[in-house]
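>
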Amino acid sequence: MAKPRLAVWKFASCDGCQLSLLDCEDELLAVAGAVDLAYFPEASSDMQPGPYDLSLVEGSITTTHDAERILEVRRQSRVVITIGACATAGGIQALRNFADVEEFTRAVYATPAYIKTLKTSTPIADHIHVDFELRGCPINKYQLLEVINAFLHGRKPLVRAHSVCVECKRKGTVCVTVARGEPCLGPVTHGGCGALCPSYHRGCFGCYGPKELPNTSSLAHWARTELGASDADIARLYHNFNAWSEPFRQEGQRDG
Amino acid sequence: MPDVPATDARILQADRLDRLFEALIARGYHCVGPTLGEGAIVYDEISGSTDLPRGWTDEQAPGQYRLKKRNDGAYFGYVVGPHSWKKYLFEPQRRLWQLKRAGQRFERTDEPPEPKRYAFIGVRACEIAALRIQDRVFAEGSFVEPGYAKTREQSLVIAVNCTQAAATCFCVAMNTGPEVREGFDLALTEILEPSHHFLIQAGSERGRELLSALPTAPCTAELQQAAKTAVAQASRQTRTMETAGLKELLQKNLESPQWQDIATRCLSCANCTMACPTCFCSSVEDTSDLTGDHAERWQRWDSCFNPDFSYIHGGEVRKTTASRYRQWMTHKLSTWFDQFGSSGCVGCGRCITWCPVGIDLTEEVRKMTQPEGGRA
């Protein structure tokens, strides 16, 4: 039986998520053994044409060219899985969605006229049907392996949508909000990172985006009334890597 | 651990506390107990009195915990912190077994638990009550969790009487403390005035043997009285919970609008259940590797606040935060009686302190009891 053909696509992004695949050092040979790396420009200049069994898509849609290109990715792929905050929520570059992008281009580029860009950065699922979204900025390589495993064996990926707090508590990490008064997005954020920041006494930045049933306004209210955070502080917390995800977008706008 | 009547109290000078550690270590016990870590008093491996948070105390409030210095050199001058003993008895995550493909079939390799012999040092009265509750869940009845049962059976409980209460404590209302009355091998009461001593009682044969190895003296009437006075201070608790009729009250209020009110504040983050010393839920999760030749099953702490926790054919039973909080609270304070013959709450206050938005179980009960008198 032929090995499933894998493609890895880049849209507006920093490459960190697809690098997670190459970071799977101990498992990389097993990945290469299990799938045919048919299209992965970051890893190989041998870029084979479609169709593909599995496409991993990194990055958000920020240009008309990319808005066309993603349609072709979908046409060429049996299964599409988006990886990372850009692909699942628009990424940090979705901050443009709250501002005037032409003002940005005038401020940044010597010749703004050369820049052709959309007014918004949007997640892949706004443009095509996505079979599974893997969260994170960047994604966790073990979760990526789990998603590829699940695809290969026709089962559901073991990626739980509970809070980061569950990961803190299983590790025995002391809550930074309760014991230090640090604002932390952990209670509204999707787990998967292994509670990295609280393990180093920092509040969660919300890299994995909203968890299931995120009560953003209750957390914001507590930060404001009990932790001394200003509305601007709270808006900055929510308007970060996952600013354009619906719950974080709304909460940041309420507070900003 | 068969209880025997507590022996007559003996007195250990505070500067000889390390003799207890030495005796425990000589008998092959892994000492675990309170120590400073990450801005709190946590439970971890300790090897002597210098590892104890001597001269520290805790200040607790809904959603808030702070360490504070104290100037009397007390070894146990604080109450319970973020951890509970369940992490040693029912591990947060554990691999149960592995499968390897062998031709047309799979070979299973079980991973039996490797129970350690712990000496749990500094166990409070409410925590003994919590251990008793988890015993009923894990070690009694038809389904015994072998790792829990074995660890519990071969570990020692070195209890400490509380001599102060945090603002979140309500063991008096739950009738679980502050005085240690049963379920211990040794029970210590720290006496600071008129001089620094520990009053020690044995509550089991193992405790009696251990006590005989320590350089103790008979207890004087003066120190006995000092210990009594010290424990009495811990009985002064402002927080309370009206438990009379609570089981029935909650059953009658399953459609109360208060569940929705709680849901506007509750984060459904599961912190309360993870911090609770009696919550015992776990999930079993299976993974396979890339080749498909190897699979593993893991057991992990789970929570009734987590998505998928109530997932059965057709979907989740409890989709909303209101339904999840109701499940937790009614189980803890009401249906727990039907299931295990007691309340599931021991009044330790952890769910109050470690809720990131300070939701107060006792206050929610009060509002349920007196809906008109509640806060807006």
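As you go down the protein sequences, you meet chains W and R in turn.
Residue numbers for the first sequence follow my numbering, beginning at 1 and rising by one.
Residue numbers for the second sequence follow my numbering, beginning at 257 and rising by one.
Each residue gets a CB set at the ideal place from its N, CA and C atoms; glycine is no exception.
Keep in mind it's a predicted model, so treat the numbers as computed, not measured.
Between the Cα of His221/W and the Cα atoms of Ile234/W, Leu213/W and Ser163/W, which residue gives the shortest distance?
Position 221 of the first sequence, counting from 1, holds the residue named residue 221/W. Per the Cα distances, Ile234/W.
> So is Met47/W buried or exposed if we call it buried at 16+ other beta carbons inside 10 Å?
Indexing the first sequence from 1 puts residue 47/W at position 47. By the neighbour-count rule (16 or more Cβ atoms within 10 Å), Met47/W is not buried but exposed.
> If I measure Cβ to Cβ from Cys17/W and keep anything under 7 Å in the same chain, skipping five residues before and after, which residues do I get?
Walking along the first sequence from the start, residue 17/W turns up at place 17. Cβ within range, chain order: Glu58, Ile83, Gly84, Pro138 and Ile139.
> If you draw a straight line from the alpha carbon of Ser468/R to that of Ile608/R, how long is it in whole angstroms?
Here residue 468/R is taken as the residue at index 212 of the second sequence, counted from 1. Here residue 608/R is taken as the residue at index 352 of the second sequence, counted from 1. Cα to Cα, the separation comes out at about 40 Å.
> In terms of residue numbering, what span does the beta strand (DSSP E) encompassing His550/R cover?
For the purposes of this step, residue 550/R is identified with residue 294 of the second sequence, where counting begins at 1. Note, His550/R: beta strand (DSSP E), His550 to Trp557.
> Within 10 angstroms of the Cβ of Phe593/R, are there 16 or more other Cβ atoms? Answer buried if so, exposed if not.
Here the question's residue 593/R lines up with position 337 in the second sequence. By the 10 Å Cβ count, Phe593/R comes out exposed.
> Give me the Cα-Cα distance between Gln572/R and Phe565/R, rounded to the nearest whole angstrom.
Here residue 572/R is taken as the residue at index 316 of the second sequence, counted from 1. Here residue 565/R is taken as the residue at index 309 of the second sequence, counted from 1. Per the sequence shown, residue 572/R should be read as Glu rather than Gln. Glu572/R and Phe565/R: Cα-Cα distance of roughly 8 Å.
> Please identify, using Cβ separations under 8 Å, the residues of the stretch 40-67 of chain W that lie next to chain R, in order along the chain.
Those would be none; no residue qualifies.
> Mind checking the stretch 591-614 of chain R against chain W and listing, in chain order, the residues whose C-beta falls within less than 9 Å of any C-beta there?
If the cut-off is 9 Å between Cβ atoms, the stretch 591-614 of chain R has Thr609, Trp610, Cys611, Pro612, Val613 and Gly614 near chain W.
> Pairs of beta-carbons, one from the stretch 524-535 of chain R and one from the stretch 223-230 of chain W, closer than 8 Å: are there three or more?
With the cut-off at 8 Å, the stretch 524-535 of chain R and the stretch 223-230 of chain W do not touch.
> Between Ala232/W and Ala94/W, which are expected to be in contact by the criterion C-beta below 8 Å, what is the C-beta distance as a whole number of angstroms?
Translated into positions along the first sequence, residue 232/W becomes position 232. Translated into positions along the first sequence, residue 94/W becomes position 94. With 8 Å as the limit, Ala232/W and Ala94/W do not qualify as a contact, their Cβ atoms being about 19 Å apart.
> If contacts are defined as beta-carbon pairs under 8 Å, then Thr472/R and Ile447/R qualify, I think. What distance do you get, rounded to the angstrom?
By one-based count along the second sequence, residue 472/R stands at place 216. By one-based count along the second sequence, residue 447/R stands at place 191. Thr472/R to Ile447/R, Cβ: 13 Å. No contact.
> Can you say whether Asp259/R is buried or exposed, counting buried as having 16 or more other CB atoms within 10 angstroms of its CB?
Sequence index remark: in the second sequence, residue 259/R carries index 3 (1-based). Caution is warranted here: a pLDDT of 49 is assigned to Asp259/R, below 50, making its placement in the model unreliable, and the coordinate value is therefore given only provisionally. So Asp259/R counts as exposed.
> Could you check what DSSP says for Ala33/W in three-state terms: helix, strand or coil?
In the first sequence, residue 33/W corresponds to position 33, counting from 1. The residue you asked about is not Ala; residue 33/W is Gly in the sequence shown. Here Gly33/W sits in helix by DSSP.
> List the residues of chain R whose Cβ lies closer than 8 Å to the Cβ of Arg180/W, in chain order.
Along the first sequence, read from residue 1 onward, the residue named residue 180/W stands at position 180. Near Arg180/W (Cβ distances below 8 Å), the residues of chain R are Gly295.
> Here's a check: name, in chain order, each residue in its chain whose Cβ is nearer than 7 Å to the Cβ of His453/R, leaving out the five neighbours to either side.
By one-based count along the second sequence, residue 453/R stands at place 197. Within the same chain, His453/R has close Cβ partners Ile267, Leu268, Gln269, Ala270, Ile447 and Leu479.
> Taking 6 Å as the limit between beta carbons, can you name the residues of its chain near Met257/R, skipping five residues before and five after?
As a position in the second sequence, residue 257/R is number 1, starting the count at 1. Residue confidence for Met257/R is low, a pLDDT of 44 falling below 50, so the modelled location carries little weight and cannot support an answer.
> Please name the residue, chosen from Gly293/R, Asp300/R and Pro338/R, that lies closest to His286/R on a Cα-to-Cα basis.
Counting from 1 along the second sequence, the entry for residue 286/R is found at position 30. Nearest option by C-alpha distance: Asp300/R.
> Counting contacts by CB-CB distance shorter than 9 Å, is Arg631/R in contact with chain W?
Here residue 631/R refers to the residue found at position 375 of the second sequence. Note that Arg631/R scores a pLDDT of 44, beneath 50, so its modelled location is shaky and nothing firm can be said.
> Let me confirm a value: Glu383/R is counted as buried when at least 16 other C-beta atoms fall within 10 Å, else exposed. Which label applies?
Taking the second sequence and counting its residues from 1, one reaches residue 383/R at position 127. The residue is buried, with at least 16 neighbouring Cβ atoms inside 10 Å.
> Distance cutoff 9 Å, beta carbons only. Does Leu95/W sit that close to anything in chain R?
As a working mapping, residue 95/W is identified with position 95 in the first sequence. Not closer than 9 Å to any Cβ of chain R, the Cβ of Leu95/W fails to qualify, so no.
> For Leu444/R and Val288/R, what's the separation of their Cα atoms in angstroms?
In the second sequence, residue 444/R corresponds to position 188, counting from 1. In the second sequence, residue 288/R corresponds to position 32, counting from 1. Cα to Cα, the separation comes out at about 16 Å.
> In its own chain, which residues sit with a C-beta less than 7 Å from the C-beta of Thr62/W, not counting the 5 before and 5 after it?
Here residue 62/W is taken as the residue at index 62 of the first sequence, counted from 1. Excluding sequence neighbours, Thr62/W sits near Ala12, Gln93, Thr117, Leu118 and Ser121.
> Using only alpha-carbon positions, find the residue among Gln489/R, Leu308/R, Trp312/R and Thr424/R that is nearest to Asn327/R.
On the second sequence, residue 327/R is found 71 positions in, with the first residue counted as 1. Checked all of Gln489/R, Leu308/R, Trp312/R and Thr424/R; the closest Cα to Asn327/R is Trp312/R.
> Excluding the 5 residues flanking Asp211/R on each side, which residues of the same chain have their C-beta closer than 6 Å to its C-beta?
Within the shown structure, residues of chain R are numbered from 257 to 632, placing residue 211/R beyond reach of any answer.
> Let me see if you follow: with CB-CB separation under 9 Å, is Trp353/R close to chain W or not?
In the second sequence, the residue the question calls residue 353/R occupies position 97. No, Trp353/R does not count as interfacial toward chain W.
> Report yes if the C-beta distance between Thr173/W and Pro198/W is below 9 Å; otherwise report no.
Position 173 of the first sequence, counting from 1, holds the residue named residue 173/W. Position 198 of the first sequence, counting from 1, holds the residue named residue 198/W. Yes.
> Note down, in chain order, every chain W residue with its Cβ under 7 Å from the Cβ of Ala422/R.
Stepping through the second sequence from its first residue, residue 422/R is reached at position 166. What Ala422/R touches in chain W: nothing, since even the nearest Cβ is about 13 Å away.
> Please name the residue in Phe98/W, Arg75/W, Ile148/W and Ala125/W whose C-alpha comes closest to that of Val35/W.
One-based indexing of the first sequence puts residue 35/W at position 35. That would be Ile148/W, whose Cα lies nearest to the Cα of Val35/W.
> Please go through the stretch 14-99 of chain W and give each complete beta strand (DSSP E) segment of 3 or more residues, from N-terminal end onward.
For the stretch 14-99 of chain W, whole beta strand (DSSP E) runs of length 3 or above, ordered along the chain, are 36-39, 52-58 and 77-83.
> Any beta carbon from chain B within less than 9 Å of Leu213/W's own beta carbon?
This model lacks chain B altogether, as its protein chains are W and R.
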